[in-house]
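Chemist: Quick note on the working numbering: the sequence shown kicks off at 10 and runs consecutively. My structure is below; once you've seen it, I'll send some questions.
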Amino acid sequence: MVKIGITGGIGSGKSYVSRLLTEHYGIPVYNTDSEAKRLMLSDEGIRRRLTALLGKEVYKSDGTLNKPLLANYLFADSCHAGQINAIVHPQVKADFLKWADRQTGCEIVALESAILFESGFDNIVDKVVMVYAPVELRIRRVMLRDGTTEEKIRQRIVAQMDDKAKQDRSDFIIFNDGSRPLNLQLDDLQETLEKMIKGNG
Numbered sequence: 010m011v012k013i014g015i016t017g018g019i020g021s022g023k024s025y026v027s028r029l030l031t032e033h034y035g036i037p038v039y040n041t042d043s044e045a046k047r048l049m050l051s052d053e054g055i056r057r058r059l060t061a062l063l064g065k066e067v068y069k070s071d072g073t074l075n076k077p078l079l080a081n082y083l084f085a086d087s088c089h090a091g092q093i094n095a096i097v098h099p100q101v102k103a104d105f106l107k108w109a110d111r112q113t114g115c116e117i118v119a120l121e122s123a124i125l126f127e128s129g130f131d132n133i134v135d136k137v138v139m140v141y142a143p144v145e146l147r148i149r150r151v152m153l154r155d156g157t158t159e160e161k162i163r164q165r166i167v168a169q170m171d172d173k174a175k176q177d178r179s180d181f182i183i184f185n186d187g188s189r190p191l192n193l194q195l196d197d198l199q200e201t202l203e204k205m206i207k208g209n210g
């Protein structure tokens, strides 16, 4: 089995590419963002450590996460995100590996993460696919999608790893800017991965 990581900046289209990989190529995709949210509710180790860090108020009486309290903590100090990530990310990694083991019959599985390199998720995949689009196009997409301001989007882009740094550390680049049909690029990716599998076999 080959494990691939899918990353890209906000508005690059990584989730769209992930969906295409599942729908047209049968590649199951583990979304780290949604799974991390699930684990923050269901994983006893995470719940215990978050409670120790933030107090029992971090979880509401109905067991759900106190998002305003967590958000206030994250924005209060730049080092706080690292503390939360140190609690959540190891569990997400372990959960992904268990999930991958359950994908019997699949030769390729994928992990989608906007912070793939920053979180160290690149260490648990065999190859990294970066979805690229120019910044101005990404801003237009997110403004249409989220109805948010250009200023807020630019702040989020600045907070993420630079595209050039991501490209330098990625094995494949998918250009989602209209310069080349996505299906042709994904066909090439699939073909390359299949060759890898045969070579390993």
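Each residue gets a CB set at the ideal place from its N, CA and C atoms; glycine is no exception.
1) Answer with buried or exposed for SER43, where buried requires no fewer than 16 other C-beta atoms within 10 angstroms of its C-beta.
2) What is the rounded straight-line gap between the Cα of LEU120 and the Cα of MET205?
3) For LYS173, is the classification buried or exposed, using 16 other Cβ atoms within 10 angstroms of its Cβ as the cut-off for buried?
4) Using 8 Å as the threshold, is the region 88-106 in touch with the region 27-45, meaning 3 or more CB pairs across them?
5) Which residues bound the beta strand (DSSP E) around VAL67?
6) Cβ of VAL97 within 8 Å of Cβ of ALA168?
7) According to the neighbour-count rule (16 or more other Cβ atoms, all chains shown, within 10 Å of its Cβ), is GLN194 buried or exposed?
8) Using the three-state DSSP reduction, which class does LEU120 fall into: helix, strand or coil?
9) Under the criterion of a Cβ to heavy atom distance below 7 Å, does GLU116 qualify as lining the ligand PLP?
Modeler: Taking the coordinates as given:
1) Taking the first residue of the sequence shown as position 1, residue 43 is located at position 34. Exposed.
2) Along the sequence shown, one-based indexing puts residue 120 at 111. Along the sequence shown, one-based indexing puts residue 205 at 196. When rounded, the distance between both Cα atoms is 18 Å.
3) Position 164 of the sequence shown, counting from 1, holds the residue named residue 173. Exposed, because fewer than 16 other Cβ atoms sit within 10 Å of the Cβ of LYS173.
4) yes
5) Walking along the sequence shown from the start, residue 67 turns up at place 58. Per DSSP, VAL67 belongs to no beta strand (DSSP E) and is neither H nor E.
6) Your numbering for residue 97 matches position 88 in the sequence shown. Your numbering for residue 168 matches position 159 in the sequence shown. No.
7) As a position in the sequence shown, residue 194 is number 185, starting the count at 1. Classification of GLN194: buried, given that the 10 Å Cβ count is 16 or more.
8) The residue given as residue 120 occupies position 111 in the sequence shown. Reduced to three states, the DSSP call for LEU120 is strand.
9) Among the components of this structure there are no ligands whatsoever, and the ligand PLP is therefore not found.
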